[in-house]
Amino acid sequence: MKELSNGQLQDDFLQSLWLQRMPPYIQTVLSASSEPLDKLAIIADKVSEVIGASSTICAATTVPPPSQSSSCSAQPTMDSLARQIQELSLQVAELTRERNSSRHQRYSSDRRRSHSRSRSVNRGSGICYYHRRYKEQARKCVSPCAFVQKTNSGSEICVIPPSPTMNKSPQSNFSLFAANNTKILAYGMVRKELNLGLR
């Protein structure tokens with residue numbers, strides 16, 4: 001310990017730490033001596049050699065058996081605790097039952113509401129609930145629905161049915177073909193460079 005401290009700790013402090021870690025029979029012998037720490041270490045070694053590790057001091061105490069009065073007083077406490085646990089268990093079961101029933105009622109009322117909403121079409125606009133709420137992102141549609149999907153939403157090629165303004169545009173020599181091989185007339189052409197990121 002003295003070497004590990006590199007002289008930074010005083011001998012009195014080291015001595016008290018060192019004595020605390022000695023067995024009780026060595027502490028008894030060394031506490032009466034006023035020698036420096038180095039000499040106390042030599043004395044501790046000699047005492048340890050003489051007494052040896054074979055002699056072990058054991059201490060035992062007897063614990064008196066619990067009296068009848070203390071065991072009787074513990075019984076009402078145990079009964080009270082058991083009663084409280086039972087009451088708490090009933091309260092937890094009741095709360096769980098209430099939560100599950102309210103969750104079921106809320107779920108079924110939400111389903112009824114959404115079901116009725118999905119069937120309803122706004123009479124003024126003729127647009128179904130889904131298109132009113134989600135617009136172009138709607139994944140469902142309830143007919144009759146007058147919602148018109150915008151086809152020109154920034155795509156590179158715009159394919160829409162011809163309108164009166166388009167008929168005024170000259171027809172292009174360029175033609176598109178549908179999947180069933182029907183010809184789609186084109187009214188104008190825009191050249192775009194496509195980068196697929198293959199390089």
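Sequential numbering of the sequence shown, starting at 1, is according to the UniProt record's numbering. Quick reminder that beta carbons are idealized off the backbone N, C-alpha and C, glycines included.
How would you label residue i, buried or exposed, when you count the other beta carbons within 10 angstroms and need 16 or more for buried?
| i | result |
| --- | --- |
| Y134 | exposed |
| H131 | buried |
| I127 | buried |
| A179 | exposed |
| Q91 | exposed |
| L88 | exposed |
| L40 | buried |
Only counting the same chain, and skipping five residues up and downstream in sequence, which positions put a Cβ closer than 7 angstroms to that of residue i?
| i | result |
| --- | --- |
| S5 | L14 |
| Q149 | E136 |
| E94 | none |
| Q75 | none |
Suppose the cutoff is 6 angstroms on Cβ atoms and the five residues either side in sequence are ignored; what does the same chain contact list for residue i look like?
| i | result |
| --- | --- |
| K140 | Y130 |
| D11 | L37 |
| I26 | A44 and V47 |
| V29 | V47 |
| S143 | none |
| V50 | none |
| L194 | none |
Sort the options by Cα distance to residue i and report the nearest one.
| i | options | result |
| --- | --- | --- |
| I43 | L19, P64 and T62 | L19 |
| S48 | P23, L81, G7 and A74 | P23 |
| S34 | V63, G197 and S16 | S16 |
| A186 | S172, L196, Q8 and G7 | S172 |
Quick check: is the beta carbon of residue i nearer than 9 angstroms to any beta carbon in chain B?
| i | result |
| --- | --- |
| S143 | Included in the structure is just one protein chain, with no chain B present. |
Give me the Cβ distance between residue i and residue j, rounded to the nearest whole Å; I'm assuming they're in contact under 8 angstroms.
| i | j | result |
| --- | --- | --- |
| I184 | F177 | 7 angstroms |
| S125 | A138 | Not confirmed; about 14 angstroms, so no contact. |
**Request:** Within the stretch 123-153, note down every full alpha helix (DSSP H) run reaching 4 residues or more, in order along the chain.
**Result:** 129-134
**Item:** beta strand (DSSP E) runs wholly inside the stretch 11-39, at least 3 long, in chain order
**Value:** none
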